[in-house]
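Below you'll find the structure, written out as structure tokens, and then a few comments.
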């Protein structure tokens, strides 16, 4: 019930459960019921309504109460937009307002060139990473050192930029040094076809709902107006840990959409 699979050139979505292999494999679905991201029970109930495409009075009240356009510019939170152009535009605007030297760090790609364009569209890091001291950034990987100092979605500010290392002050209070990571793109058999190397961060004043998949945010400002994909509103709202950190720029009931095939699948299989 999240974002549908990308199916270029096809009008119908290529859902896995519609494939003949699904039926032939006698796959037995299981519903994961333990929520890890949030313990906010009221928020969970609202998310479940939105996940099912239900826009009742409780949903209206909840979303309206968090709609505040008067003070959004003073909130240090990531903005989620449906379109990449708007997210990029806002990030560049905020980066340009900072003084100091701008650094442009190119992502290095290795592997099969025919997959490079797809990797650039889908990886959470940009093709060219623009940074300045003071920039708001989002970590785009979990801490693999074992220390657990950050997760995908942790926010912080750039303290300084040295050769091959970023100095970052996380909102958690931790000051960390960040080196370049490898991001992998896999084919259908699980083989790595592209490796991309860069710092595991992105500018975090804004990002797209699509790029925020998998991220856990402490606070965010979201635009839920004129969405077009089933599950898009649910994916956006479920990025934040608690409703206390949720601020809504605008929303419309027509943006809360559910895919009928997914609903039917759940009704029949789960």
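Numbering (my numbering), first residue to last: 7 to 276.
For every residue, glycine included, the Cβ atom is placed at its ideal position computed from N, Cα and C.
Predicted model, so just to flag it, every value in this text is computed and none were measured.
- Here residue 205 carries a coil assignment [DSSP, helix/strand/coil].
- Ranked by how close their Cα comes to the Cα of residue 163, the residues 100, 78 and 272 have 100 in first place.
- Between the stretch 222-229 and the stretch 190-208, the count of C-beta pairs closer than 8 Å stays below three; the two stretches do not touch.
- Residue 40 carries a coil assignment under DSSP once its states are collapsed to helix, strand and coil.
- Annotation for residue 268: 7 place their beta carbon closer than 6 Å to its own, counting only its chain and skipping 5 residues before and after.
- Contiguous alpha helix (DSSP H) elements confined to the stretch 60-112 occur at 63-71 and 90-102, taking only those with 4 or more residues.
- Secondary structure remark: continuous beta strand (DSSP E) runs of at least 3 residues inside the stretch 184-239, in chain order: 187-192, 198-204, 207-209, 212-214 and 226-230.
- From the listed residues 124, 61 and 70, the smallest Cα separation to residue 249 is found for 70.
- Where residue 168 is concerned, the enclosing beta strand (DSSP E) starts and stops at 161-168.
- If the five residues before and after residue 169 are omitted, its C-beta is found closer than 8 Å to no C-beta atom of its own chain.
- Nearest neighbour of residue 193 by Cα position, chosen from 93, 259, 27 and 125, turns out to be 125.
- Taking the CA atoms as reference points, residue 20 sits about 12 Å from residue 9.
- Closest by C-alpha distance to residue 252, out of 130, 242, 12 and 159, is 242.
- Shown here, residue 253 sits in a strand according to DSSP, grouped into three states.
- In this structure, DSSP gives residue 155 a state outside helix and strand, which the three-state scheme calls coil.
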